[in-house]
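Engineer: Same order as they appear, the protein sequences are chains A and B.
Just so we're aligned, residue 1 is where the first sequence starts under this note's numbering, counting upward by one.
Just so we're aligned, residue 1 is where the second sequence starts under this note's numbering, counting upward by one.
Beta carbons are placed, not taken as given, at the ideal position from N, Cα and C, and that holds for glycine.
Below you'll find the structure I mean.
2 protein chains.
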Amino acid sequence: MNLSTTSYSVLSLLSLRDWTSYELAQQMQRTLRFVWPRAERKIYDEPKRLVAAGYATSVTGAVGRRARTTYSITPAGRAALHAWLGTTPQPASLEFEGMLRVLFADQGDLDQLRVSLETVKAQAIEARQRLAELSEELVSNDGGAFPERVHVNALSLRFLIDHHDHQRRWAEWALAETAKWKNTTTPTDAARRRALQVFRDAADPPEGR
Amino acid sequence: MNLSTTSYSVLSLLSLRDWTSYELAQQMQRTLRFVWPRAERKIYDEPKRLVAAGYATSVTGAVGRRARTTYSITPAGRAALHAWLGTTPQPASLEFEGMLRVLFADQGDLDQLRVSLETVKAQAIEARQRLAELSEELVSNDGGAFPERVHVNALSLRFLIDHHDHQRRWAEWALAETAKWKNTTTPTDAARRRALQVFRDAADPPEGR
DNA sequence: CTTTTATACTGCCAACGGCAGTATGTCAAC
DNA sequence: GTTGACATACTGCCGTTGGCAGTATAAAAG
Chain A
1 MNLSTTSYSV LSLLSLRDWT SYELAQQMQR TLRFVWPRAE RKIYDEPKRL
51 VAAGYATSVT GAVGRRARTT YSITPAGRAA LHAWLGTTPQ PASLEFEGML
101 RVLFADQGDL DQLRVSLETV KAQAIEARQR LAELSEELVS NDGGAFPERV
151 HVNALSLRFL IDHHDHQRRW AEWALAETAK WKNTTTPTDA ARRRALQVFR
201 DAADPPEGR
Chain B
1 MNLSTTSYSV LSLLSLRDWT SYELAQQMQR TLRFVWPRAE RKIYDEPKRL
51 VAAGYATSVT GAVGRRARTT YSITPAGRAA LHAWLGTTPQ PASLEFEGML
101 RVLFADQGDL DQLRVSLETV KAQAIEARQR LAELSEELVS NDGGAFPERV
151 HVNALSLRFL IDHHDHQRRW AEWALAETAK WKNTTTPTDA ARRRALQVFR
201 DAADPPEGR
């Protein structure tokens, strides 16, 4: 009975309050998605696994003739969560289809590249908008649903905001850069010089500490 | 016979030159991993799928008594790749276990939080170092193995460098921020004020265009 | 009182990750 | 000239995940 990181992310939510599977699925999509994106479908399986592991208990009530199961964390669950917080996380990993389109843009034409960049920009703005909405919620009622958690939420939000702003700014820069291109296959001499300068900058990592 | 984004990333590599499965697996880990991370194991299946789809051909040679299969893109493959470059990419998605540890740090203790942040920082520096090595290769021999592709490589590298530098700088900021904390559960008044200021900043997205 | 929308899931299957295993090639040391 | 270490070059297996489709009831809107 091995639990995945997804299991622990659900267990983490259960450490804050009781939830139904449906609420957990909603909450994962609304907030945790930004750092741990998982299909809604999978979230429904996790509480069952947690119960099987002894980390949660379920209470089945009813709304009309429909069953409603509410899950709660157990002391063993809290202990397991505490232990997990001391384990080493996997490195962050980024899936970026839009960048694949850019990397191999020389196999397509200039219009396609520019549409891809516009899509990346629009998607960054969209995600940024979702974060702004979450933030508004946190500002109102002085800290949102979990006002005792403002400090950790702020740590995380600071990163996510910059992350999505960075995507947008990069897309804008790339659009400006490619505005001077005549085709996707042959860089102009100026573009070539700027490219080599990017490589030289990148080859020299900043001081670590 | 539906091809995945992983299939198209392999097809993209084949558009540059011929490769063996092993070389493709290496190249994916070395470079494309940063934008499309996939297990080495899976890369071995992709060329076969591309052959089945008519997008690649295979030629089996030999090194001693060991078979060596080299894959090449077909005209149909080039056409399919061109069409794919015009499709809409999925939004970028980030998996960040370290941030999960930070978000639920109030369920653990201060030492665990600081170790998590140090790990995030070290992993960012490590990834940045891999990018610096790639860049050195691109600077030498005036553009690396594919000098005609400097312009698209520069576009992508610019983003990736900033992405990993951002992770490092954020981890350093978070370490400084948490240096003032007495525990993980109760923010000081000052920390609480700074948190609410983060939310207010975040609630106000910058001008889109 | 009927249609729409939200709630609350489950089944199915292809894609994926990670580990273990197999087998050959290359080079350096003994 | 053989042994061992390491690199090359994959394949099998199995549990996890993503995404689509489907089922069914409750609540809200018209």
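(1) Find the residues of chain A that neighbour N153 of chain B, judging by a C-beta separation of less than 9 angstroms, and give them in chain order.
(2) Kindly indicate which three-state DSSP category G208 of chain A falls into: helix, strand or coil?
(3) The alpha helix (DSSP H) with L134 of chain B in it runs from where to where?
(4) Of all the residues that make up the region 76 to 102 of chain A, which are near chain B by a beta-carbon distance shorter than 8 angstroms?
(5) Output needed for H163 of chain A: all residues of its chain with C-beta closer than 7 angstroms, excluding positions within five of it in sequence on either side, in chain order.
(6) State the start and end residues of the unbroken beta strand (DSSP E) segment that holds R68 of chain B.
(7) Pairs of beta-carbons, one from the region 192 to 207 of chain B and one from the region 152 to 163 of chain A, closer than 8 angstroms: are there three or more?
(8) Give me the DSSP bridge partner(s) of A56 of chain A.
(9) Distance cutoff 9 angstroms, beta carbons only. Does P47 of chain A sit that close to anything in chain B?
(10) Is any beta-carbon of chain A found at less than 9 angstroms from that of T74 of chain B?
(11) Would R49 of chain A and S7 of chain A qualify as a contact pair, given that the criterion is a beta-carbon distance under 9 angstroms?
(12) Whole angstroms are fine: how far does the CA of T88 of chain A sit from the CA of R158 of chain A?
(13) V35 of chain B and F199 of chain A look like a contact to me (Cβ under 8 angstroms); what is the Cβ gap, rounded to whole Å?
(14) What does the alpha-carbon distance come out to for the pair R101 of chain B and E148 of chain A?
(15) Report the three-state DSSP secondary structure of V35 of chain B (helix, strand or coil).
(16) Using the three-state DSSP reduction, which class does G144 of chain A fall into: helix, strand or coil?
(17) For the beta strand (DSSP E) containing S93 of chain A, name the first residue and the last one.
(18) Applying the criterion that 16 or more other CB atoms from any shown protein chain within 10 Å of the CB defines a buried residue, is D106 of chain A buried or exposed?
(19) Please list, in chain order, the chain A residues whose beta carbon lies closer than 9 angstroms to that of E177 of chain B.
(20) As a quick exercise: from B:L117, B:I161, B:Q112, pick the residue whose alpha carbon is nearest that of S135 of chain B.
(21) Got a sec: is the Cβ-Cβ distance from A203 of chain B to anything in chain A below 9 angstroms?
(22) DSSP has V63 of chain B in a bridge; who is on the other side?
(23) Check whether the Cβ atoms of F96 of chain A and L85 of chain B sit closer than 9 angstroms, and answer yes or no.
(24) Using a Cβ-Cβ cut-off of less than 7 angstroms, give me the residues of the region 114 to 139 of chain B that come near chain A, in sequence order.
(25) Could you tell me whether any Cβ in chain B is nearer than 9 angstroms to the Cβ of S9 of chain A?
(26) At the level of alpha carbons, what is the spacing between A190 of chain B and T184 of chain B?
(27) DSSP three-state label for T87 of chain A, please.
(28) Tell me, please, whether the CB atom of R68 of chain A is closer than 9 angstroms to any CB atom in chain B?
(29) Measuring CA to CA, which of B:V120, B:A39, B:S15, B:P91 is closest to P91 of chain A?
(30) So the candidates are A:G54, A:S72, A:A53, A:R65; which of them puts its Cα closest to the Cα of E23 of chain A?
(31) Rounded to the nearest angstrom, how far is the Cβ of A52 of chain A from that of E40 of chain A, given a contact under 8 angstroms?
(32) My output table needs one value for W19 of chain A: the three-state DSSP class, helix, strand or coil.
(33) To the nearest angstrom, report how far apart R65 of chain B and T20 of chain B are at their CA atoms.
(34) Indicate the three-state DSSP secondary structure (helix, strand or coil) for W170 of chain B in the structure shown.
(35) Let me confirm a value: S4 of chain B is counted as buried when at least 16 other C-beta atoms fall within 10 Å, else exposed. Which label applies?
Structural biologist: This is what the structure gives:
(1) L103, A195, V198, F199
(2) Legend: pLDDT at G208 of chain A = 49, less than 50; position of this residue unreliable, no value from coordinates given.
(3) 110 to 139
(4) R78, L81, H82, L85, G86, T88, P89, Q90, P91, A92, S93, L94, E95, F96, E97, G98, M99, L100, R101, V102
(5) none
(6) 66 to 73
(7) yes
(8) A:I73
(9) no
(10) no
(11) yes
(12) 22 angstroms
(13) 17 angstroms between Cβ atoms; not a contact.
(14) 17 angstroms
(15) coil
(16) coil
(17) 93 to 95
(18) buried
(19) H151, A154, L155, R158
(20) B:I161
(21) yes
(22) B:R66
(23) no
(24) S116, T119, Q123, I125, A127, R128, Q129, L131, A132, S135, E136, L138, V139
(25) yes
(26) 14 angstroms
(27) coil
(28) no
(29) B:V120
(30) A:S72
(31) Incorrect: roughly 21 angstroms between the Cβ atoms, too far for contact.
(32) strand
(33) 17 angstroms
(34) helix
(35) exposed
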